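A.B. asks: This is the structure, below, for whatever I ask next.
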Amino acid sequence: MINQLEQNHLPKNVKADILIVDDTPDNLRVLSAMLTNQGYEVRKALNGQRAISSVQLEPPNLILLDIKMPGMDGYEVCRNLKASYPTCEVPIIFISALDDALDKVKAFASGGVDYITKPFQEAEVLARIEHQLRIQELQHQLVEQNKELLRSNRDLEQFAYVVSHDLQQPLQSVTGFVKLLQLKYGCSLDEVAQDYLNRIFATGNRMQKLIQDLLAYSQIDKQEQMLENIDCNEVLNQVLDNLQEAIVTKQATITHDSLPTVQGDETQLIQLFQNLISNALKFIPEHTNPSIHISATAQKNQWHLGVRDNGIGIKPEHLEKIFEIFQRIHSTQTYPGTGIGLATCKKIVERHHGKIWVESQFGAGTTFYFSLPMVKV
1 MINQLEQNHL PKNVKADILI VDDTPDNLRV LSAMLTNQGY EVRKALNGQR AISSVQLEPP
61 NLILLDIKMP GMDGYEVCRN LKASYPTCEV PIIFISALDD ALDKVKAFAS GGVDYITKPF
121 QEAEVLARIE HQLRIQELQH QLVEQNKELL RSNRDLEQFA YVVSHDLQQP LQSVTGFVKL
181 LQLKYGCSLD EVAQDYLNRI FATGNRMQKL IQDLLAYSQI DKQEQMLENI DCNEVLNQVL
241 DNLQEAIVTK QATITHDSLP TVQGDETQLI QLFQNLISNA LKFIPEHTNP SIHISATAQK
301 NQWHLGVRDN GIGIKPEHLE KIFEIFQRIH STQTYPGTGI GLATCKKIVE RHHGKIWVES
361 QFGAGTTFYF SLPMVKV
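In terms of UniProt numbering, the sequence shown opens at residue 1 and continues consecutively.
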């Protein structure tokens, strides 16, 4: 579609190429003269087969198509053109003496974009043509904007990957040397110097975590998805094993419904569950044991899963931006993190053709919901 839209896109001040298909020579002459006077390039075809050959040879910007023609009527011509690329992208306006509603419905069902009844008014024909050409121009602009957005996203992800990869080694050296200083000279340093080294080491570790998260985020779209039937109960068990130390330390209670089998990428689903449950363990009021529940409900062709906690909640003004990368609503001193985890969750869910959203009451807990496709039977 992109290539055809680019081909049909017209530079400014260049009129469109229009093909008129009608088995009546007088109709061809009238329409041709009318469009030529407006500066359009005009091609003509007396029957459906010639029209198809002309379009296949060089697609026009628009087709005016009669219905009642010998051999192949306009409906069949339209269906034929709409059945293959690139001819399927050419807008077709039917122009016919048939004015019954069923005829018009049939024209649209066969792929037409508009319908003009004979006898026609010149102003109406020109207005409808201009309208369809304007739609085509807007489609082209949308394609170009999407291409530019894709380029920008690819450039950003490539930049994130390169920067993240190149920064890891220097940071590992910094934290490694700090550790050596602590081991070799820690006993001879005063309390202030030891505090400085501890701060450098902690900051280096936070930076390494940020780089690792950024690297993982930038690679999600580049990874080849291994879609298969995944039992979310097994995914959850793996995540709970991964988070066992934090669960025991915080004396967390984690319950769950019977979770479904979904179609997805196991590695990415583990990352999704782990990020959401890690957040639920982290954002808890002081002196409160985390209570987390994972729910699952069937909704048409997808499952809605939720991770509910009894944490600090999210203020309403932060709900809209919480899935944006680097969005942090708490200081790293209070609640450590990189601001990338939820953005990663959003990316994973969208790669699985689902949605993610949040419901929260500040001071009373949060539930993150996400949808995943059901397994096709």
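For each residue, glycine too, the CB sits at the ideal point set by N, CA and C. This one's a predicted model, so the numbers in the text were calculated from it and none came from an experiment.
Pull up the distance between the alpha-carbon of residue 12 and that of residue 59, whole angstroms please.
C.D. replies: Numbered from 1 along the sequence shown, position 12 holds the residue referred to as residue 12. Numbered from 1 along the sequence shown, position 59 holds the residue referred to as residue 59. The pLDDT assigned to residue 12 is 48, lower than 50, so where the model puts this residue is not dependable; a value taken from the coordinates is nonetheless given after this. Their Cα atoms are separated by approximately 19 Å.
A.B. asks: Please identify the residue among 249, 296 and 297 whose C-alpha is closest to the C-alpha of residue 281.
C.D. replies: Residue 281 sits at position 281 when you count from the first residue of the sequence shown. Just measuring C-alpha positions, the residue of 249, 296 and 297 sitting nearest residue 281 is 249.
A.B. asks: Counting along the chain, where does the beta strand (DSSP E) carrying residue 244 start and finish?
C.D. replies: Translated into positions along the sequence shown, residue 244 becomes position 244. Counting along the chain, no beta strand (DSSP E) covers residue 244; the unbroken alpha helix (DSSP H) around it starts and ends at 244 to 249.
A.B. asks: Which of the three DSSP states, helix, strand or coil, is assigned to residue 290?
C.D. replies: Taking the first residue of the sequence shown as 1, we reach residue 290 at position 290. It is coil, neither helix nor strand.
A.B. asks: Pull the bridge partners of residue 359 from the DSSP assignment, please.
C.D. replies: Walking along the sequence shown from the start, residue 359 turns up at place 359. DSSP lists 367 as partners of residue 359.
A.B. asks: Whole angstroms are fine: how far does the CA of residue 307 sit from the CA of residue 254?
C.D. replies: Taking the first residue of the sequence shown as 1, we reach residue 254 at position 254. Taking the first residue of the sequence shown as 1, we reach residue 307 at position 307. Cα to Cα, the separation comes out at about 10 Å.
A.B. asks: Pull the bridge partners of residue 228 from the DSSP assignment, please.
C.D. replies: Here residue 228 is taken as the residue at index 228 of the sequence shown, counted from 1. In the DSSP output, where bridge partners are listed per residue, residue 228 has 264.
A.B. asks: Please confirm if the stretch 123 to 142 is in contact with the stretch 54 to 73, defined as three or more CB-CB distances below 8 Å between the two stretches.
C.D. replies: yes
A.B. asks: Between which residues of its own chain and residue 361 is the CB-CB distance below 8 Å, once the five residues before and five after are set aside?
C.D. replies: For the purposes of this step, residue 361 is identified with residue 361 of the sequence shown, where counting begins at 1. Once the five neighbours on either side are set aside, the close Cβ partners of residue 361 are 313.
A.B. asks: For residue 44, which residues of its own chain have a beta-carbon under 7 Å away from its beta-carbon, when the five flanking residues on both sides are left out?
C.D. replies: Along the sequence shown, one-based indexing puts residue 44 at 44. The beta carbon of residue 44 sits closer than 7 Å to the beta carbons of 20, 28 and 32 from its chain, once the five residues preceding and following it are set aside; these are given in chain order.
A.B. asks: Less than 8 Å between the C-beta atoms of residue 230 and residue 266, yes or no?
C.D. replies: Locating residue 230 in the sequence shown gives position 230, where the first residue counts as 1. Locating residue 266 in the sequence shown gives position 266, where the first residue counts as 1. Their beta carbons are under 8 Å apart, which means residue 230 touches residue 266 by this criterion.
A.B. asks: First and last residue of the alpha helix (DSSP H) that includes residue 103?
C.D. replies: Locating residue 103 in the sequence shown gives position 103, where the first residue counts as 1. Start and end: 101 to 109.
A.B. asks: Counting along the chain, where does the beta strand (DSSP E) carrying residue 44 start and finish?
C.D. replies: Translated into positions along the sequence shown, residue 44 becomes position 44. Taken as a continuous stretch (DSSP letters only), the beta strand (DSSP E) holding residue 44 covers 41 to 45.
A.B. asks: Checking 8 Å against the spacing of the C-beta atoms, do residue 408 and residue 244 come in under that value?
C.D. replies: Here the chain comprises residues numbered 1 to 377, so residue 408 is not present and cannot be evaluated.
A.B. asks: Using a Cβ-Cβ cutoff of less than 8 Å, which residues in the same chain neighbour residue 252 once the five nearest sequence positions on both sides are dropped?
C.D. replies: Numbered from 1 along the sequence shown, position 252 holds the residue referred to as residue 252. Hits under 8 Å: 246, 281, 289, 290, 291 and 292.
A.B. asks: Could you tell me the distance, in whole angstroms, from the CA atom of residue 24 to the CA atom of residue 351?
C.D. replies: In the sequence shown, counting from the first residue as 1, residue 24 sits at position 24. In the sequence shown, counting from the first residue as 1, residue 351 sits at position 351. C-alpha separation (whole angstroms): 53 Å.
A.B. asks: Smallest Cα separation from residue 373: which of 15, 319, 232 and 322?
C.D. replies: Numbered from 1 along the sequence shown, position 373 holds the residue referred to as residue 373. When only C-alpha atoms are compared, the closest one is 232.
A.B. asks: Once you ignore the five residues that flank residue 429 on each side, which residues in its own chain have a CB closer than 6 Å to its CB?
C.D. replies: Here the chain comprises residues numbered 1 to 377, so residue 429 is not present and cannot be evaluated.
A.B. asks: Could you spell out where the beta strand (DSSP E) holding residue 254 opens and where it closes?
C.D. replies: Translated into the one-based positions of the sequence shown, residue 254 becomes position 254. First-last of the beta strand (DSSP E) with residue 254: 253 to 256.
A.B. asks: So, helix, strand or coil for residue 120, using DSSP?
C.D. replies: Here residue 120 refers to the residue found at position 120 when the sequence shown is read from its first residue. Coil, per DSSP.
A.B. asks: Are the Cβ atoms of residue 113 and residue 95 separated by less than 8 Å?
C.D. replies: The residue given as residue 113 occupies position 113 in the sequence shown. The residue given as residue 95 occupies position 95 in the sequence shown. Cβ distance not < 8 Å, so residue 113 and residue 95 don't count as in contact.
A.B. asks: Classify residue 274: buried if its beta carbon has 16 or more other beta carbons within 10 angstroms, exposed otherwise.
C.D. replies: Translated into positions along the sequence shown, residue 274 becomes position 274. Counting the other Cβ atoms within 10 Å of the Cβ of residue 274 gives 16 or more, which makes it buried.
A.B. asks: Kindly identify the DSSP beta-bridge partner or partners of residue 53.
C.D. replies: What you label residue 53 is simply residue 53 of the sequence shown in a count that begins at 1. Note: residue 53 sits in no beta bridge, so no partner.
A.B. asks: Sort out for me which residues DSSP pairs residue 295 with in a bridge.
C.D. replies: As a first step, residue 295 is located in the sequence shown; it is residue number 295 there, counting from the start. Paired residues: 306.
A.B. asks: Applying the criterion that 16 or more other CB atoms from any shown protein chain within 10 Å of the CB defines a buried residue, is residue 75 buried or exposed?
C.D. replies: Here residue 75 refers to the residue found at position 75 when the sequence shown is read from its first residue. So residue 75 ends up on the buried side.
A.B. asks: With distances taken from CA atoms, which of 26, 116 and 56 is nearest residue 67?
C.D. replies: As a working note, residue 67 is residue 67 in the sequence shown. Closest option to residue 67, Cα to Cα, is 116.
A.B. asks: Within 10 Å of its beta-carbon, does residue 190 have 16 or more other beta-carbons around it, so buried, or fewer, so exposed?
C.D. replies: Locating residue 190 in the sequence shown gives position 190, counting from the first residue. With fewer than 16 Cβ atoms within 10 Å of its Cβ, residue 190 is classed as exposed.
A.B. asks: So, do the stretch 257 to 266 and the stretch 292 to 304 have three or more beta carbon pairs nearer to each other than 8 Å?
C.D. replies: yes
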